[in-house]
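Asks: Chains A and B, in that order, are what the protein sequence lines are.
The first sequence runs 47 to 255 under this note's numbering.
The second sequence runs 813 to 1587 under this note's numbering.
C-beta atoms are modelled at their ideal positions from N, C-alpha and C, and glycine is treated no differently.
What you are looking at is a predicted structure, and each value in this text was computed from that prediction instead of being measured.
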Amino acid sequence: MSKKSTDGNCECGRGVTRRGFLSAAGASTALFAAGARFQINEVQAASPEFTTEDMSKITLDINGQRKRLLVEPRWTLLFVLRDRLGLTGTKVGCERGECGACTVLVNDEPRYACMLLAVEAVGKKIVTLEGLMNKEQLGTTQQAFLEQDAYQCGYCTPGQIMAAEGLLRANPNPTLDEIARGMSGNLCRCGAYTHIFEAVKAAAVNKRS
Amino acid sequence: MADQKDLYYVNDLPVPETPAAGDNPQPWGQTNVIGKGLPRADGYDRVSGTAVYPSDVTLPRMLYGAVLRCPHPHAKVQSINTKAAQQLPGVRTIITNQSQSAKLTWRWADGHENLLFDSHCRFEGEAVAAVAADTPQQAQDALRAIDVDYKVLPFVVDERKALESAAPDIHSGGNQVNKDSYSRGDITKGFTEADVVREREFRTESELHTPLELHGCVANWEGDSLTIWESTQGVYAVQSKVAATLKLPLSKVRVIGHYLGGAFGSKLQPGKYTIIAALLAKETARPVKLFLSREETFLCVGNRPPANMKIKAGAKSDGTLTALEFVATGTGGAYPAGGTAILDWLVRDLYLCPNVRCETTDIFINGGPSRPFRAPGHPQCSWALEQIMDELAEAIGMDPVDLRLRNIPLISQGRGSIPYTTTGLEECIKQGAEKFNWSQSREAATQANQRGGHLKRGVGMGSCVWFVGGGGPPSTVIVKLFADGSVNLNMGASDIGTGTKTIMAMVAAEELGVKPELIQIENADTGTTQYATPSGGSKTVPTEAPTVRAAAIEVKRQLLQMAADHLDVQPEELRFAGNMVVSKQDSGKKVAITDISQLKKRGVVVGTGYRGPNPENKSVNPFAAQFCEVEVNTHTGEIKLLRFLGANESGRVINRLTYDNQVFGGIAMGIGLGMTEVRQFDDGQSGKLVNKNWHDYKLPTALDVPLQMTSLPIDLPDAEANSTGAKGLGEPVTIPTAAAIANAVCHATGVRFTDTPLNPLQVMKVLTQSNTKEG
Chain A
47 MSKKSTDGNC ECGRGVTRRG FLSAAGASTA LFAAGARFQI NEVQAASPEF
97 TTEDMSKITL DINGQRKRLL VEPRWTLLFV LRDRLGLTGT KVGCERGECG
147 ACTVLVNDEP RYACMLLAVE AVGKKIVTLE GLMNKEQLGT TQQAFLEQDA
197 YQCGYCTPGQ IMAAEGLLRA NPNPTLDEIA RGMSGNLCRC GAYTHIFEAV
247 KAAAVNKRS
Chain B
813 MADQKDLYYV NDLPVPETPA AGDNPQPWGQ TNVIGKGLPR ADGYDRVSGT
863 AVYPSDVTLP RMLYGAVLRC PHPHAKVQSI NTKAAQQLPG VRTIITNQSQ
913 SAKLTWRWAD GHENLLFDSH CRFEGEAVAA VAADTPQQAQ DALRAIDVDY
963 KVLPFVVDER KALESAAPDI HSGGNQVNKD SYSRGDITKG FTEADVVRER
1013 EFRTESELHT PLELHGCVAN WEGDSLTIWE STQGVYAVQS KVAATLKLPL
1063 SKVRVIGHYL GGAFGSKLQP GKYTIIAALL AKETARPVKL FLSREETFLC
1113 VGNRPPANMK IKAGAKSDGT LTALEFVATG TGGAYPAGGT AILDWLVRDL
1163 YLCPNVRCET TDIFINGGPS RPFRAPGHPQ CSWALEQIMD ELAEAIGMDP
1213 VDLRLRNIPL ISQGRGSIPY TTTGLEECIK QGAEKFNWSQ SREAATQANQ
1263 RGGHLKRGVG MGSCVWFVGG GGPPSTVIVK LFADGSVNLN MGASDIGTGT
1313 KTIMAMVAAE ELGVKPELIQ IENADTGTTQ YATPSGGSKT VPTEAPTVRA
1363 AAIEVKRQLL QMAADHLDVQ PEELRFAGNM VVSKQDSGKK VAITDISQLK
1413 KRGVVVGTGY RGPNPENKSV NPFAAQFCEV EVNTHTGEIK LLRFLGANES
1463 GRVINRLTYD NQVFGGIAMG IGLGMTEVRQ FDDGQSGKLV NKNWHDYKLP
1513 TALDVPLQMT SLPIDLPDAE ANSTGAKGLG EPVTIPTAAA IANAVCHATG
1563 VRFTDTPLNP LQVMKVLTQS NTKEG
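1) Could you confirm whether any beta carbon from chain B is found closer than 7 angstroms to the beta carbon of C199 of chain A?
2) Thinking C-beta only, is V1367 of chain B closer than 7 angstroms to V1319 of chain B?
3) Can you check whether the C-beta of L175 of chain A is within less than 7 angstroms of a C-beta belonging to chain B?
4) Please determine, among B:A878, B:K1504, B:D1530, B:V1557, the residue with the shortest C-alpha to C-alpha distance to K936 of chain B.
5) Can you pull the chain A neighbours of F1294 of chain B, defined as C-beta to C-beta under 8 angstroms?
6) At a cut of 8 angstroms, does the stretch 849-862 of chain B reach the stretch 928-942 of chain B through at least three beta carbon pairs?
7) Using DSSP's beta-bridge definition, name the partner residues of L106 of chain A.
8) Quick check on A1514 of chain B - is its C-beta less than 7 angstroms from some C-beta in chain A?
9) Can you give the Cα-Cα distance for V1575 of chain B and Y1509 of chain B, rounded to whole angstroms?
10) Across which residues does DSSP place E1013 of chain B in a beta bridge pair?
11) Tell me the DSSP secondary structure of G1486 of chain B in three-state form.
12) Closest to F967 of chain B by CA distance: which of B:V1381, B:P837, B:L1501 is it?
13) Which bits of chain A does Y1085 of chain B rub up against, with CB to CB less than 7 angstroms?
14) For the alpha helix (DSSP H) containing G855 of chain B, list its first residue and its last residue.
15) Among A:L163, A:G110, A:R254, A:K253, which one has its Cα closest to the Cα of W121 of chain A?
16) Going by C-alpha to C-alpha distance, which of B:G1046, B:G1126, B:V1271 sits closest to I1553 of chain B?
17) Given a threshold of 16 other Cβ atoms within 10 Å of its Cβ, counted over all protein chains shown, does V1054 of chain B qualify as buried or as exposed?
18) Give me, in chain order, the residues of the same chain whose beta-carbon lies closer than 6 angstroms to that of E1171 of chain B; leave out the 5 immediate sequence neighbours on both sides.
19) Indicate the three-state DSSP secondary structure (helix, strand or coil) for L1524 of chain B in the structure shown.
20) Could you tell me how far apart the beta carbons of L106 of chain A and I172 of chain A are, in whole angstroms, since I believe they sit closer than 8 angstroms?
21) Closest Cβ-Cβ distance between R235 of chain A and chain B: below 7 angstroms?
22) Taking all protein chains shown into account, decide if A1362 of chain B is buried (16 or more other Cβ within 10 angstroms of its Cβ) or exposed.
23) Counting pairs of Cβ atoms below 8 angstroms between the stretch 1159-1177 of chain B and the stretch 1205-1213 of chain B, do you hit three or more?
24) Where DSSP assigns a beta bridge to F1435 of chain B, which residues make up the other side?
25) Taking the alpha helix (DSSP H) that Q952 of chain B belongs to, which residues open and close that run?
26) Check whether the stretch 975-987 of chain B touches the stretch 1150-1158 of chain B, counting contact only when three or more Cβ pairs, one atom from each stretch, lie closer than 8 angstroms.
27) Just mark H1266 of chain B as buried or exposed, buried being the case when its beta carbon has 16 or more other beta carbons within 10 Å.
28) Should R254 of chain A go down as buried or exposed, given a rule of 16 or more other Cβ atoms within 10 Å for buried?
29) Would you report the Cα separation of Q899 of chain B and T905 of chain B, rounded to the nearest angstrom?
30) Quick check: what's the CA-CA separation for A248 of chain A versus M229 of chain A?
31) Are the CB atoms of D1495 of chain B and D970 of chain B nearer to each other than 7 angstroms?
32) Taking 7 angstroms as the threshold (C-beta atoms), are L1026 of chain B and T947 of chain B in contact?
33) For N1473 of chain B versus D195 of chain A, is the C-beta spacing smaller than 7 angstroms?
34) So, with DSSP's three-state summary, where would you put W840 of chain B?
35) Assign A91 of chain A to one of two classes, buried (16 or more other C-beta atoms within 10 Å of its C-beta) or exposed (fewer than that).
36) Figure out for me which residue from B:I999, B:L965, B:A1089 has the closest Cα to the Cα of W1033 of chain B.
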């Protein structure tokens, strides 16, 4: 199956490119009629051993703390946050920039952490859901989401909160229409949008006062 | 830290009368907690990031699993070569149909059992092999390096073609799964009696659940004991299937599912992935985390079946329905999975009609098996029924609201005419229409449209009953009251995002007179909590709430007995008064609950509650009606939803905040069915799913829901349904949405839209065809 890590223009020579995958999978009825094999085995047979020497030594600025890490160049910021730093407030939904569950602030702007390699995040100020907390106290936006019941299953919620936080940092007094637009990059399958709008409104008021 | 006195029973919360042992509790009178809009008991955890969802679980030495899936809709695995994959860095094990441990039977349905990695793959995405590796990236590398030789077989992915003689057989008995029929009265006579008859074919497309949290689990063995953290709606359902498949005693399988990130019916059962994770963990003697990729969740963990529906309806000129006929086909995919399950229920039960005939045919295709999807069958049937009702209304010159009000049943006709315990259908329609300003809005839209222009206004509605929604046994709940008066609530039920934990805490708080925030909740763990069926079918509140109440009452009975011993009186003489137990006769005789000597000595009172039976020969159902106003751009085909109102009768409202949230969420999901979602196979060439991602498969976003949303609860406690008076809500909230939109769009444009989704492409196509016809 095609996977994000080998999608697009990856020139690392490991696995198949998306283009290659599609041509193998979609390849004409003639190929299927012949009961053809799934032609994917040449590339990775030559796959070299990956050692720590191939890993990159990086320092990330996360929630105001400097984190020194050894990462594979293909690791996303999302993977590093969740699986290397244990910051599971950032959720994984699609790993292809569609749902927004992994939204974090990068230099105060909401960004999908799945669409950013960890090595690309060097030198940027990253804030995750955990970074909105004041020790154990909820941040203003988090508190508004709690009070307005702006979630159901709660899984898209960290991303929604980060998107709202980013919106309010850029626009402290948004109209309802601006709120809907600002939140439109974050899917909520439970459909809690109406309460999310209320929460963003409430957070805007509380942040200003 | 709370002041010590705040921890005790509080004076300002009265405690309801405690029924004697064996007596049923009376409905609550004035309530103190129930009915309020309280934020969630676990809200802090959910917004702070401290809630640990199954996909957040990380264990020491944990590996990552991944599943190799068949890329063809129909194929036979000839051979699998894992040699290259085995040699890749980080790869710890690979299992295939040749692995001894994987030679297990997977049961799809009665009479449909095959191997876990069966060589006959009947749908794209069927499991073929699996790996465990040090990192998820290495696991994916290994999948790509596995060389599988497939014999590709002819396929059929459209149920409308699957019964044709040219279609390949998916199973040896042919492609028809089953045919169900139902009838009452005399359908021919019914149509003869009608002054108007309308008939039309409708289709709803297949929808995919795609909850935000991926399907999957973490599996860990300690010797012969298996623990699974699974994203699930029912930990006990996962436990029983895993134990049966791996042939383990139930006591050796512990399933934990404290949180889950959405499901909508797709996580009522474990998947092959659950078994595979357990096998990989066993092989490697290390914990394994196996969560599917987003793409995989489009292929193999369920869908709402498509429905092809032909409906014919007859009515007298006064609006009395005389006949309804419904013939439909659908598909649950490559294995029996309820492709037409309860698809005809609304025709059978929603409106009063003496003559009804239904026939549904379930058909196999080479597609991923269905799983229940929020109100199975109902939104599809609603799409056809509510639109034909509007056609009848137009034909006899009657308002659509009045036509429905003309045909309100007080009995469940589909169940042999037994009465409903309560029905709020009429009130949902009446009060909903009034609150929505139905008549004036409809008139204003009609007049505006007569003035011309390409922007057309429309107002539409639909109503519904939900097949079940009354819950029922079994359920067991334990409520513990600690020596300081604070409480632990222990139940097996999952909170799938509907607010179950909060609602149950409110029930316990109401009955015990304690503050809800003093209740600790422990749930969804087969190792430590009590048996519960999965959270689904809009039955969690009506099943668990009376059980929680029963457990709390048991705590009170024991406390009264302890206080009676303490005061040396009979327990019947005593009653609760705030934080005290007081004699009914002699108010001087009293003891503070936390001073009762036995409670201090024991440290805890444990009350067990069981869910009692439902009323006999009655049907417990929730009802709803929805109203909406739309603006259709006839140049671009864009539909703007201006406002929506959901009126729901689900018995007693327990938490107004989570209640409204369900209503709005159900509407949002119904907008998906009606306007954006369609599973798209490459029918002609490859048979593969072409939109297995959220870019090409459109979910409603923040920009697709109306900014003006209203929830109107018809708060009608159902004294017969159960001791809390509450019925289910999660499904009726989404049933009539799509149909209400279609009716509004028809009102706006004068054109009937028979197929979902009403996206701009589809709308323009239909409008253009209609103009051509007229021109």
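Replies: For this structure:
1) yes
2) Going by C-beta atoms, V1319 of chain B is not nearer than 7 angstroms to V1367 of chain B.
3) yes
4) Correcting the residue identity first, residue 936 of chain B is Glu in this sequence and not Lys. Nearest of B:A878, B:K1504, B:D1530, B:V1557 to E936 of chain B, Cα basis: B:K1504.
5) In chain order: nothing, as chain A lies at least about 23 angstroms away.
6) no
7) A:K113
8) It does; some Cβ of chain A falls within 7 angstroms.
9) C-alpha separation (whole angstroms): 18 angstroms.
10) B:K1122
11) Note: G1486 of chain B maps to helix in three-state DSSP.
12) Closest option to F967 of chain B, Cα to Cα, is B:L1501.
13) What Y1085 of chain B touches in chain A: nothing, since even the nearest Cβ is about 14 angstroms away.
14) 855-860
15) A:L163
16) B:V1271
17) When all chains shown are included, V1054 of chain B counts as buried.
18) In the same chain as E1171 of chain B, and ignoring 5 residues on each side of it, the C-beta atoms closer than 6 angstroms to its own belong to S993, V1139, in chain order.
19) Correct three-state label for L1524 of chain B: strand.
20) 6 angstroms
21) By this cut-off, R235 of chain A is an interface position.
22) buried
23) no
24) B:V1277, B:E1461
25) 948-957
26) no
27) exposed
28) exposed
29) 10 angstroms
30) 15 angstroms
31) Yes, the Cβ-Cβ distance between D1495 of chain B and D970 of chain B is below 7 angstroms.
32) no
33) yes
34) coil
35) Here A91 of chain A scores only 43 on pLDDT, less than 50, and its place in the model should not be relied on; the value that follows carries that caveat. Looking at its Cβ environment, which holds fewer than 16 other Cβ atoms inside 10 Å, A91 of chain A is exposed.
36) B:A1089
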